[in-house]
Amino acid sequence: MDFLKSLGIAASGLKAQSGRMRIIAENIANADSTAQTPGGDPYRRKIPTFASRFDRELNASVIEAGRVRRDPTPFRTKHDPGNPAADARGEVRMPNVNGLIENMDMREAQRSYEANLNMVTATRRMISRTLEILKA
Amino acid sequence: MSLTDLPLLGMLRTRMHWHQARQALLAENVANADMAGFRPRDLAEPSAASTGLAAPVGASVGGDGLARTDSAHIGMPASAGPNADPRRFKGFEVRPSGNGVNLEEEMMKAGDNQADYQLVASLYQKSLDALKIAVGKR
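Protein chains in written order, with UniProt numbering: chain P, 1 to 136; chain X, 1 to 138.
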């Protein structure tokens, strides 16, 4: 039945967006995670990606969270000689996480999630309308 | 002749199948709303010929899908009629990642699709009710 196909595709979208949300949460939580050793690398921002896959059972292309990639942009530095992670010049390397970007990304993920949820609701309403034919 | 061979029910069933298939396509568009390089797809409107309705002999079918059997009939142009959908933009908005999905547009389409489906389902139910009246069950 095609309605189950719609539900399956929308569910794959929900899952992919919540996976993206998880990675964004990880980035925000680690926004201040410095290295443990002096001069070491701090947390590097993760970038969620999506991959399209053809599902033979559903006979439709569904979406899933793809490989997580690392952001290659340079780290921020902060002058903090007292920090255990500071190098010889007293500079501490901070993660390349930008709170503003993560926030906007989170909003986008939320919006896409709601859109997918909307598709589920609409499809369910159509299914129940079909079943009402039997009731009359 | 079985019940399902009735032309009216057959047409309604075809239409319901069409809405089901369209719902699946719209769900795919929404699910891929953040996929790089994805272009949204939509189903073409079924034509009168494919639903089993043949235009009368000598009639021309206008853009509104209605047959014109007399020269005095006023037809509508295919694109500018009041039933033309102004939301049906082609490649209206494409993001730098190559993704062309516009979530608002998809939501509108999903709402339209749902309302149309419910209309067809109601018509189907009414047709069955009419048959029940004919066999004296009501």
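A virtual CB, placed ideally from N, CA and C, is assigned to each residue, including glycine.
Quick one: what does DSSP say residue i is sitting in, helix, strand or coil?
| i | result |
| --- | --- |
| X:ILE74 | coil |
| X:PRO86 | The pLDDT assigned to X:PRO86 is 46, lower than 50, so where the model puts this residue is not dependable, and the model offers no usable value. |
| P:SER128 | helix |
| X:ASP34 | coil |
| residue 139 of chain X | Here chain X covers residues 1 to 138 and nothing more, so residue 139 of chain X does not appear. |
| P:SER52 | strand |
| P:GLU64 | strand |
| P:THR34 | coil |
| X:MET16 | helix |
| X:VAL101 | coil |
| P:MET94 | strand |
| X:ARG22 | helix |
| X:ALA67 | strand |
| X:ARG41 | coil |
| P:ARG69 | strand |
| X:GLY81 | Reliability fails at X:GLY81, whose pLDDT of 47 lies under 50, so the model's placement of it is uncertain and the value that follows must be treated cautiously. Correct three-state label for X:GLY81: coil. |
| P:ARG20 | helix |
| X:THR51 | With a pLDDT of 49 at X:THR51, under the threshold of 50, the modelled position of this residue cannot be trusted; read the value that follows with caution. If DSSP states are grouped into helix, strand and coil, X:THR51 belongs with coil. |
| X:ARG95 | coil |
| P:ARG44 | coil |
| P:ARG89 | coil |
Using a 10 Å radius around the Cβ and a threshold of 16 neighbouring Cβ atoms, would you call residue i buried or exposed?
| i | result |
| --- | --- |
| P:THR34 | buried |
| P:ARG124 | exposed |
| P:SER128 | exposed |
| X:PRO40 | buried |
| residue 149 of chain P | The structure shown has nothing for residue 149 of chain P, since chain P only spans 1 to 136. |
| P:ARG69 | exposed |
| X:ASN29 | buried |
| X:PHE38 | buried |
| P:ARG45 | buried |
| X:MET35 | buried |
| X:THR4 | exposed |
| X:GLY111 | exposed |
| X:HIS73 | exposed |
| X:LEU8 | exposed |
| P:GLY8 | buried |
| P:GLY86 | Here residue 86 of chain P turns out to be Ala, not Gly, going by the sequence shown. Buried. |
| X:HIS17 | exposed |
| P:ARG76 | exposed |
| X:GLU106 | buried |
| P:GLY40 | exposed |
| X:GLY136 | exposed |
| P:ASN59 | exposed |
| X:LYS109 | buried |
What distance in whole Å lies between the Cβ atoms of residue j and residue i, which are believed to be in contact at a cut-off of 8 Å?
| i | j | result |
| --- | --- | --- |
| X:GLN23 | P:MET126 | 7 Å |
| P:ARG19 | P:PRO48 | First, the residue type needs correcting, since residue 19 of chain P is Gly and not Arg in the sequence shown. Rounded, the Cβ-Cβ distance is 7 Å, consistent with contact. |
| P:ALA10 | X:ALA31 | 6 Å |
| residue 204 of chain X | X:ALA33 | With chain X running from 1 to 138 in the structure shown, residue 204 of chain X is simply not present. |
| P:GLY99 | P:ALA29 | Rounded, the Cβ-Cβ distance is 11 Å, inconsistent with contact. |
| P:MET119 | X:ALA27 | 5 Å |
| X:GLN125 | P:ALA136 | 5 Å |
| X:ALA121 | P:THR130 | 6 Å |
| X:LEU25 | X:ASP42 | 6 Å |
Excluding the 5 residues flanking residue i on each side, which residues of the same chain have their C-beta closer than 8 Å to its C-beta?
| i | result |
| --- | --- |
| P:HIS79 | GLY90, GLU91, VAL92 |
| P:ASP71 | ARG44, ARG45, LYS46, ILE47, ASN96 |
| X:SER97 | ALA36, GLY37 |
| X:HIS19 | ASN113, ASP116, TYR117, VAL120 |
Looking only at its chain, what residues have a beta carbon closer than 7 Å to the beta carbon of residue i, apart from the 5 residues adjacent to it on each side?
| i | result |
| --- | --- |
| P:PHE3 | THR123, MET126, ILE127 |
| P:THR73 | ASN96 |
| residue 137 of chain P | Any property of residue 137 of chain P remains undetermined from this structure, which presents chain P solely from 1 to 136. |
| P:GLU81 | For clarity, residue 81 of chain P is Pro in the given sequence; the question names Glu instead. For P:PRO81, where only same-chain residues beyond five positions count, the Cβ hits under 7 Å are GLY90. |
For residue i, is the beta carbon positioned less than 6 Å from some heavy atom of the ligand PLP?
| i | result |
| --- | --- |
| P:THR34 | No copy of the ligand PLP appears in this structure; indeed no ligand is present at all. |
Cutting at 6 Å between CB atoms, please list the residues of its own chain near residue i, excluding the five before and the five after it.
| i | result |
| --- | --- |
| P:ILE24 | GLU102, ASP105, MET106 |
| P:PHE54 | SER61 |
| X:GLU93 | ASN102 |
| P:SER6 | THR123 |
| X:ARG15 | VAL120 |
Quiz item: Can you find at least 3 beta carbon pairs, one from the stretch 57-76 of chain P and one from the stretch 110-125 of chain P, that sit closer than 8 Å?
Solution: Between the stretch 57-76 of chain P and the stretch 110-125 of chain P there are fewer than three C-beta pairs closer than 8 Å, too few to call the two in contact.
Quiz item: For the stretch 8-20 of chain P against the stretch 92-101 of chain P, are there 3 or more C-beta pairs whose distance is under 8 Å?
Solution: The answer is no - the stretch 92-101 of chain P does not touch the stretch 8-20 of chain P, with fewer than three Cβ pairs under 8 Å.
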